[in-house]
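In the UniProt record's numbering, the protein residues as written are 1 to 167. First up is the structure itself, then whatever we jot down about it.
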Amino acid sequence: MGGCPAADDDQRGPRQASEGHVWYCAVPVALVQRAHRAYLHAADAVLAARHPHQDPADPVTARVTADIYLALPDSERDAITHTVASRLGDDWLGPRHSNADTLITAPAYAAHLHTALVERCHLLSGPGPVPLPVPTAPVVAPRAARQIQVAVPMEHQQPQAGVHLTY
Numbered sequence: 001m002g003g004c005p006a007a008d009d010d011q012r013g014p015r016q017a018s019e020g021h022v023w024y025c026a027v028p029v030a031l032v033q034r035a036h037r038a039y040l041h042a043a044d045a046v047l048a049a050r051h052p053h054q055d056p057a058d059p060v061t062a063r064v065t066a067d068i069y070l071a072l073p074d075s076e077r078d079a080i081t082h083t084v085a086s087r088l089g090d091d092w093l094g095p096r097h098s099n100a101d102t103l104i105t106a107p108a109y110a111a112h113l114h115t116a117l118v119e120r121c122h123l124l125s126g127p128g129p130v131p132l133p134v135p136t137a138p139v140v141a142p143r144a145a146r147q148i149q150v151a152v153p154m155e156h157q158q159p160q161a162g163v164h165l166t167y
């Protein structure tokens, strides 16, 4: 588990520091597999605080990226997980082995996963949205010519047949 004294199947979580050493252990596998929303929100908040320049992926991109990742063979998913985990270093808050599917497909890591999929040619990076052309002159909608009509006051109107008005 990358220097962690706890075994991979140890569900108790990180061990305490011993003799002045602090061990940074991966999150227990059971926690990641259950995908606690609170943990994923906390991971999202930590990444946003540590990487304020990183724009989050929009929900559609995150979903497409996750679907493509999950459709890949196990060996390729492991390689992508290792790539993302290595790139993020201490900011990777999950296991570095095959049980990371739930975490790496979470919105917190969607932008990093998208970058890794583009680098490994599983996704094509398009040119981006086409900017709208800037109009040279202001666009003015044509105004309809209005005919102003003045109605005769009701007391001066001719009564209709069969209708008697009393004042």
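Each residue gets a CB set at the ideal place from its N, CA and C atoms; glycine is no exception.
Pick helix, strand or coil for residue i, following the three-state DSSP scheme.
| i | result |
| --- | --- |
| P59 | helix |
| residue 202 | Only positions 1 to 167 of the chain appear in the structure, and residue 202 is not among them; the question remains open. |
| I68 | helix |
| T136 | coil |
| I80 | helix |
| L40 | helix |
| L124 | coil |
| R146 | coil |
| V118 | helix |
| H164 | coil |
| A151 | coil |
| G89 | helix |
From residue i to residue j, what distance separates their C-alpha atoms?
| i | j | result |
| --- | --- | --- |
| Y39 | I68 | 24 Å |
| D58 | H114 | 11 Å |
| H122 | T136 | 41 Å |
| R143 | V60 | 41 Å |
| D91 | V140 | 52 Å |
| E76 | A110 | 17 Å |
| residue 209 | Q158 | The chain is shown only over 1 to 167; residue 209 falls outside these bounds and no answer can be derived. |
| L72 | S86 | 20 Å |
So, at 7 Å on beta carbons, what are the nonlocal neighbours of residue i in its own chain, with the 5 sequence-adjacent residues on each side left out?
| i | result |
| --- | --- |
| V118 | S125 |
| R120 | I80 |
| H21 | With a pLDDT of 43 at H21, under the threshold of 50, the predicted position of this residue should be treated as unreliable, and no value is reported. |
Sorted by chain position, which residues of the same chain lie with C-beta nearer than 6 Å to residue i's C-beta, five sequence neighbours on each side aside?
| i | result |
| --- | --- |
| I80 | A116 |
Report yes if the C-beta distance between residue i and residue j is below 7 Å; otherwise report no.
| i | j | result |
| --- | --- | --- |
| A43 | A108 | yes |
| L88 | G94 | no |
| V84 | H41 | no |
| T105 | A45 | no |
Using a 10 Å radius around the Cβ and a threshold of 16 neighbouring Cβ atoms, would you call residue i buried or exposed?
| i | result |
| --- | --- |
| V32 | Low confidence applies to V32: its pLDDT is 47, below 50, so where it sits in the model is not reliable, and the reading given next is rough at best. The residue in question, V32, is buried, as its Cβ has 16 or more Cβ neighbours within 10 Å. |
| L70 | exposed |
| P129 | For P129, the pLDDT reaches just 47, beneath the cut-off of 50, and the residue's location in the model is therefore unreliable, although a value from the coordinates is still provided. Burial call: exposed. |
| D101 | buried |
| A151 | exposed |
| A62 | buried |
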